[in-house]
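Enquirer:
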Amino acid sequence: MKYVKSAFLASLPALFLVSFVFASPETNAQEKKSFDGQDMVFRGETKKSAKDVKELRRVDFKVEGSACASCLRRIRERMEAEDGVVEAAVMIKKPYGAAAIYDGSKIKVDKILKAALKGEKVKVKITEVNDRAIEKMPFILVPTFNQLNK
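Encoded structure:
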């Protein structure tokens, strides 16, 4: 019995190595996707290319009247669906900040804000809009209105 126990323990490192080496990329992608769902920021799954953007701009604003995570996710999805919006993000913790990176030559900020609220069943307001030109695409888009910068 001692020999069986020690042989089993001796084979554990090899077992872990084999499972690590032969893990499929799909498994790693699924694990990453499920981990990303735990974040406090809803971000798009795939980023649109920003290399053809002529006038890179960023708009940040607060969303008031909605605390539902699904509603906040829909706001982000509606912004990203607009032609000219490169990326959007929405905080799911108070204060509910949102941000969008967009091409100012293709879309105006008013259209993005209208799209964000389109079809909302509850009374949602957008406040403290801050629209500005930016020089380059941020590595990670985090709204300026967040729990760290109340």
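Residue numbers for the sequence shown follow our numbering, beginning at -16 and rising by one.
Yeah, the Cβ is synthetic: ideal placement off N, Cα and C, and Gly gets one too.
Computed from a prediction, not measured in an experiment: that's the story for all the values here.
Please report the straight-line C-alpha distance between residue 51 and residue 93, rounded to a whole angstrom.
Expert: Each residue's Cα considered, the two are about 24 Å apart.
Enquirer: If we require 4 or more residues per run, which alpha helix (DSSP H) segments fall completely within the stretch 43 to 130?
Expert: Listed in chain order, the complete alpha helix (DSSP H) runs (minimum 4 residues) inside the stretch 43 to 130 are 52 to 64, 92 to 100.
Enquirer: For residue 114 and residue 59, which I take to be in contact (beta-carbon distance under 8 Å), what is that distance rounded to the nearest angstrom?
Expert: Their Cβ separation, rounded to whole angstroms, is 17 Å, which puts residue 114 and residue 59 out of contact at 8 Å.
Enquirer: Would you decide whether residue 38 is buried or exposed? Buried here means 16 or more other CB atoms lie within 10 Å of its CB.
Expert: The residue in question, residue 38, is exposed, as its Cβ has fewer than 16 Cβ neighbours within 10 Å.
Enquirer: Pull up the CB-CB distance for residue 127 and residue 47, whole angstroms please, since I reckon it's below 8 Å.
Expert: Contact flag wrong, Cβ pair sits at about 16 Å.
Enquirer: Keeping to the same chain, check which residues put their C-beta closer than 6 Å to that of residue 57; ignore five residues upstream and five downstream.
Expert: For residue 57, where only same-chain residues beyond five positions count, there are no Cβ hits under 6 Å.
Enquirer: What's the gap between the Cα of residue 108 and the Cα of residue 82?
Expert: Roughly 15 Å between the two C-alpha positions.
Enquirer: Which residues in the same chain as residue 64 place their Cβ atom closer than 8 Å to its Cβ, once the five residues preceding and following it in sequence are excluded?
Expert: Within the same chain, residue 64 has close Cβ partners 98.
Enquirer: Mark residue 106 as exposed unless 16 or more other C-beta atoms lie within 10 angstroms of its C-beta, in which case mark it buried.
Expert: It counts as exposed.
Enquirer: Have a look at residue 129 and residue 120 and give me their C-alpha separation to the nearest angstrom.
Expert: If you take the alpha carbons of residue 129 and residue 120, they lie about 19 Å apart.
Enquirer: By how many angstroms is the C-alpha of residue 91 removed from the C-alpha of residue 117?
Expert: Taking the straight line from one Cα to the other gives about 15 Å.
Enquirer: Say whether chain B places a C-beta atom closer than 8 Å to the C-beta of residue 119.
Expert: Judged by its chain identifiers, the structure shown contains no chain B, having just a single protein chain.
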